[in-house]
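**Q** Have a look at the structure that comes next, please.
There are 2 protein chains.
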Amino acid sequence: MPDFSPELRKDPITGRWVIISSARAQRPEAPEPRREEESPEARARCPFCYGHEEMTPSEIFALPNNGRSINTSGWITRVVPNKFPAFGIYPEISLRRVGMYQMATGYGAHEVVIESPEHETYLEHNGLDQISRIVDTWWERNVDLERDPRLKYVLIFKNHGKAAGASLAHPHAQIIATTIIPDALKVKLINARSHFENGEGCIWCRQIEHLFYYENRIYNPDGSVLVEVRQRDRMVAENAKFIAYIPFAARMPYEIHILPKSHQYSFIQTTEEERGELAQMLKVVLSKLYVLLGNPPYNFYVHSAPNLNVRPRTGDYTTIREDFHWHIEILVRTTIWAGFEQGSGIYINPLNPNDAARYLLETAVE
Amino acid sequence: MPDFSPELRKDPITGRWVIISSARAQRPEAPEPRREEESPEARARCPFCYGHEEMTPSEIFALPNNGRSINTSGWITRVVPNKFPAFGIYPEISLRRVGMYQMATGYGAHEVVIESPEHETYLEHNGLDQISRIVDTWWERNVDLERDPRLKYVLIFKNHGKAAGASLAHPHAQIIATTIIPDALKVKLINARSHFENGEGCIWCRQIEHLFYYENRIYNPDGSVLVEVRQRDRMVAENAKFIAYIPFAARMPYEIHILPKSHQYSFIQTTEEERGELAQMLKVVLSKLYVLLGNPPYNFYVHSAPNLNVRPRTGDYTTIREDFHWHIEILVRTTIWAGFEQGSGIYINPLNPNDAARYLLETAVE
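From first to last, the protein sequence lines stand for chains A and B. Each number in my numbering comes from the position in the first sequence (counting from 1) with 1 added on. Each number in my numbering comes from the position in the second sequence (counting from 1) with 1 added on.
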C-alpha cells in the first residue's frame, strides 16, 4: 500500500520548506489541449503580428539583424519595449530614505521578445531552428543590457496562458533589468556561496551528481518503506549539454529545472552551439508538458549570476562565479497559491517529485 | 499632471522590494458583485451544512460548547480536521538528512473553521455577534494548539473565492500548525528583532505612528512633486482597538493590514472585548472590498509571534515578545503572480497605496 504521509522537504539552495502531500494527486489522463479563447477583434489588432509593427514602441533588436528596415515586417524574432513598462530608463537613479522607509526611482528596462511572426503557435511547436533563434535573441539582449553597469540584474521570463499572467496571446517572453539584485536571487547567492566556501563546490553541480548516483530508502519502524529516494527518478530529459529534472523539494507539481551539465555562472556564457542544445531541451520539456497536461499555463525564468560588469565591492555577491550555476525554472500553474502559501512561504505540493518525473519521462513527444 | 514614473519601495519589515507602477490602474467602477457558480449537486452535498455533520471527520470544537451532542446540528461555529490534510498527527517527529537533503515527517494539525451554518453568506455579511463568535473560535483553537510544545507555529488563514484557492463555497477558514517556523515569519522576526535591538522599539508600533504623524513630499530637480508621502492617506479604517491601512510597500492593489493599536505579540493575548472590535474591523474592511470591487477573491492570514510554549533556546527567536506585533494581512486577487514575481521575488503593484486607501476610505458601507 502506498504511503501517503505528508513529508516536509527542504530545498538546499533556497532553504524553503515544501510539504509533499500526495494523498490527493493521481496520474493525469492526457487531456485534449486547451486552446484559449481570443476574440476576432483582439486577434486582428495583435501588435505582435506582421504589418502591425507601428503599434509597438520602436524596436530595440530583431533577427535577421541586417537587410531590413526597422519597424517593418520580415523579421523572425523582434524585441520591443513593453508598452506598459514596470520600469523606464530615467536619467538619474536615486535611493532615498523617507522617514523609516526606503525608496528609489524605477530605473531599468522592460522589453518584450516576440518569438515569431506566427500568432497561433507556442514556443515548443516551433521548429528547432526558430527556437534556437529565440534563445539567441534572449542572449543578445542579455549581453547588451549587461553593458550598462547600473543594471545589476537581468531577468528573462515567460508567461504562457492567461492563468499564468500572459495578457497577449501572441507568443512572447519578457526581459526586465533592475538596479537591485532581486530577493529571489539573493537567497540563492548567499546559500550557494556558503556551500562553496564550506569546500563542497557548486551546489547545483552536486545536485546533478546526485541525480545520477544517489539511491536510498528510508524505512518505518515496522520495516515498511517510508520514502524511497532514488534521485535518478527525478530526471525528466537529458541531451549533450543540458539536463532537466524535478527538484527534490519541488514547490508544485511538474516544477522542472533545466541546467547546463557543465558549470557556467551565467546564460551569457553559452556558445551558439550550447544555445542550440538548450532550444532542443526546451522543445522536449515543454512538449511533454503540453501533451501530458493539455497545454497548461506555465511560467519560466532564467536565473544567472548578477551582472559582472557591476563594479565589484568587498563582500558583495555580484562577483560570484564558481559558486553559481545558471538555470531555468519552469512552474506549471496546476495549483493555486493560496492563503497558507502566502502567509507561511511554505508550499504544499500534492504530487511526489519522483512520480512527476516518471509521468513526464513516460510521455512521448516527437 | 500626475506622475506615473514607476517607483521602487522597500518594505521595512520583510526587506521586500515592490515596484509601484501606477500608469495602468484606474479607479474601479463599483461592479455588480460576482457570485460564484456552484452546481445544485455540490450545493446539496455540502459537508459544512446542517445535517451533514457525518460527512466531515469528527469535530474538534464547536460553539456553543455545551448542551449539544457532538457531530449533530445546532452549532453556530464548528471546527473539524481537514479531510485532505497537509499534515496529520503522527506519533513521532523525525528530521532526517538524506545525502545533501533534509526532510521531516509532516507532523502538525490542519483544521477547518466552519463560520456558520449559512451556506450562502460571506464572512462580512454575518451579524457582528456571529463574526465575534468566529473570531473567538479561531482564538480557542489557537490557544489549544499552542498547548502542544511540538507545534512551533499556528497559522490561521482564509481563502475566499475559487481564484483564491477556496475549494468549497460554504464560508470557512483554516488553521495549520507546524513543527517549523515558516520562512515568511522568520524574515519578519529577524528584521523586527534587529529594529528593536537598535533601540527603535516595535517596528509595527512605529509604522502606526507614521500613519498619524508623518508627512513629506519629494521633489524633482525642476521643483515638481516626484512623490507625496502623506502616510495618513494610507489609512483605511480605525476603531477603539484596531487600525487598518495599506502598507507603504503594498505588494498588490488593496493589500490591507489590520493591527491592534496597542502592542500585543500574539492574537492569543486578545481579550473577548478586543475580539469584538476585531470582528467589527473585519466586517468594515471586507465589506468595503466587497462593495468597491464586487466580491473579489481574497486571502488573509494572521501573523502572531511563534508559540511561546516552545522551550526557549539561546538565540532562538521563538521567545520574542516586545519586538513582534501581531497583525492580519489581506491580499486581494486582482493581479496574477506571474513569471517576473516568481523569478525575482519582487512584486509589481499597479496601484499607488495612497490611491488604494483613498478609494477604500471613500467607499461607504453600513
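By construction, the Cβ of each residue, glycine as well, lies at the ideal position given by its N, Cα and C atoms. Note that the structure is a prediction, hence the values are computed from the model and not measured.
Going straight from the alpha carbon of G162 (chain A) to that of G89 (chain B), what length do you get?
**A** Between G162 (chain A) and G89 (chain B), the C-alpha separation is close to 35 Å.
**Q** Please state the DSSP three-state secondary structure of V81 (chain B).
**A** V81 (chain B): strand per DSSP, three-state reduction.
**Q** If you run the structure through DSSP and keep just helix, strand and coil, what is M104 (chain B)?
**A** The answer is strand: DSSP assigns M104 (chain B) an E or B state.
**Q** Give me the residue from A:G277, A:Q343, A:A357, A:F243 with the minimum Cα distance to K289 (chain A).
**A** It is A:A357 whose Cα lies nearest to the Cα of K289 (chain A).
**Q** Run through chain B and tell me which residues come within less than 8 Å of D184 (chain A), C-beta to C-beta.
**A** The contacting residues are G16, R17, W18, S345, G346, I347.
**Q** Please classify R235 (chain B) as buried or exposed, where buried requires at least 16 neighbouring CB atoms within 10 angstroms.
**A** When all chains shown are included, R235 (chain B) counts as buried.
**Q** Scan the region 101-133 of chain A for residues whose Cβ lies nearer than 7 Å to a Cβ of chain B and list them as they occur along the chain.
**A** For the region 101-133 of chain A, which is checked against every Cβ of chain B, the residues closer than 7 Å are M101, Y102, Q103, M104, A105, T106, G107.
**Q** Once DSSP output is grouped into helix, strand and coil, what is the label at L290 (chain B)?
**A** In this structure, L290 (chain B) counts as helix in the three-state DSSP scheme.
**Q** Rounding to the nearest angstrom, what Cα-Cα distance links R359 (chain A) and E30 (chain A) in this structure?
**A** Rounded to whole angstroms, R359 (chain A) to E30 (chain A) spans 14 Å at the Cα level.
**Q** Where does L309 (chain B) fall in DSSP's three states?
**A** Coil.
**Q** Spell out whether any CB of chain A is found under 7 Å from the CB atom of L169 (chain B).
**A** No, L169 (chain B) lies away from the interface with chain A (no Cβ there is under 7 Å from its Cβ).
**Q** Counting only runs that start and end within the region 48-82 of chain A, where is the alpha helix (DSSP H) found for 4 or more residues in a row?
**A** Complete alpha helix (DSSP H) runs here, min 4: none at all.
**Q** Examine the Cβ distances between the region 38-52 of chain A and the region 5-14 of chain A and report whether three or more of them are shorter than 8 Å.
**A** Touching, no.
**Q** Kindly indicate which three-state DSSP category V188 (chain B) falls into: helix, strand or coil?
**A** Helix, per DSSP.
**Q** With distances taken Cα to Cα, identify the nearest neighbour of A306 (chain A) among A:N350, A:L152, A:I244.
**A** For the residues A:N350, A:L152, A:I244, the minimum Cα distance to A306 (chain A) belongs to A:L152.
**Q** Between H264 (chain B) and the ligand ADP, is there a pair consisting of the residue's CB and a ligand heavy atom that are separated by less than 6 Å?
**A** Among the ligands in the structure shown, none appear at all, so the ligand ADP cannot be discussed.
**Q** Taking 7 Å as the CB-CB cut-off, is P298 (chain B) touching chain A?
**A** Judged by the 7 Å Cβ criterion, P298 (chain B) is not in contact with chain A.
**Q** Between which two residues does the beta strand (DSSP E) holding R97 (chain B) run?
**A** Counting along the chain, the beta strand (DSSP E) containing R97 (chain B) begins and ends at 96-99.
**Q** Around the C-beta of L96 (chain B), are 16 or more other C-beta atoms found within 10 angstroms, so that it is buried, or is it exposed?
**A** It counts as exposed.
**Q** Is there at least one Cβ from chain B nearer than 7 Å to A193 (chain A)'s Cβ?
**A** With 7 Å as the cut-off, A193 (chain A) does not count as an interface residue toward chain B.
**Q** Between the alpha carbons of V226 (chain B) and E201 (chain B), how many angstroms are there, rounded?
**A** If you take the alpha carbons of V226 (chain B) and E201 (chain B), they lie about 30 Å apart.
**Q** Excluding sequence positions up to five away, which residues of its chain have a Cβ less than 6 Å from the Cβ of P32 (chain A)?
**A** Here the set comprises G295.
**Q** Please determine if the region 118-129 of chain B and the region 98-106 of chain B are in contact, where contact requires at least 3 C-beta pairs separated by less than 8 Å.
**A** In short, these stretches do not touch, since the Cβ pair count stays below three.
**Q** Following the continuous alpha helix (DSSP H) through Y348 (chain B), name the residue where it begins and the one where it ends.
**A** Segment 348-350 is the beta strand (DSSP E) holding Y348 (chain B); no alpha helix (DSSP H) there.
**Q** Determine, for R10 (chain B), whether the minimum Cβ-Cβ distance to residues of chain A falls below 7 Å.
**A** Cβ-Cβ to chain A under 7 Å: yes for R10 (chain B).
**Q** Hey, is D223 (chain B)'s beta-carbon within less than 7 Å of any beta-carbon in chain A?
**A** Output row for D223 (chain B): interface = no.
**Q** Look at the alpha carbon of E367 (chain A) and the alpha carbon of K284 (chain A), and state the distance between them as a whole number of angstroms.
**A** E367 (chain A) and K284 (chain A): Cα-Cα distance of roughly 10 Å.
**Q** For W205 (chain B), decide whether its Cβ has a neighbour in chain A, counting only Cβ atoms nearer than 7 Å.
**A** No - not a single Cβ of chain A is within 7 Å of the one on W205 (chain B).
**Q** Whose CA, out of B:G16, B:I21, B:T15, lies closest to the CA of N353 (chain B)?
**A** Selected option, being the one with the closest Cα: B:I21.
**Q** Does any C-beta atom of chain B lie closer than 7 Å to the C-beta of P369 (chain A)?
**A** Given that chain A is displayed from residue 2 to residue 367, the structure contains no residue 369 (chain A) and the question cannot be resolved.
**Q** Of all the beta strand (DSSP E) runs that stay within the bounds of the region 230-285 of chain A, which reach a length of 3 or more residues?
**A** Fully enclosed beta strand (DSSP E) runs of 3 or longer: 236-239, 243-246, 257-261.
**Q** How big is the Cα-Cα spacing for W205 (chain A) and I329 (chain A)?
**A** Their backbone Cα atoms lie some 12 Å apart in a straight line.
**Q** So what does DSSP say about A31 (chain B), is it helix, strand or coil?
**A** If DSSP states are grouped into helix, strand and coil, A31 (chain B) belongs with coil.
**Q** Counting Cβ pairs, one atom from each stretch, are 3 or more of them under 8 Å apart for the region 67-78 of chain A and the region 179-198 of chain A?
**A** Touching, no.
**Q** For P118 (chain A), tell me which candidate among A:F85, A:R36, A:A63, A:A87 has the shortest Cα-Cα distance.
**A** Measuring from the Cα of P118 (chain A), the nearest candidate turns out to be A:A63.
**Q** Thinking C-beta only, is G340 (chain B) closer than 7 Å to I337 (chain A)?
**A** Contact: no.
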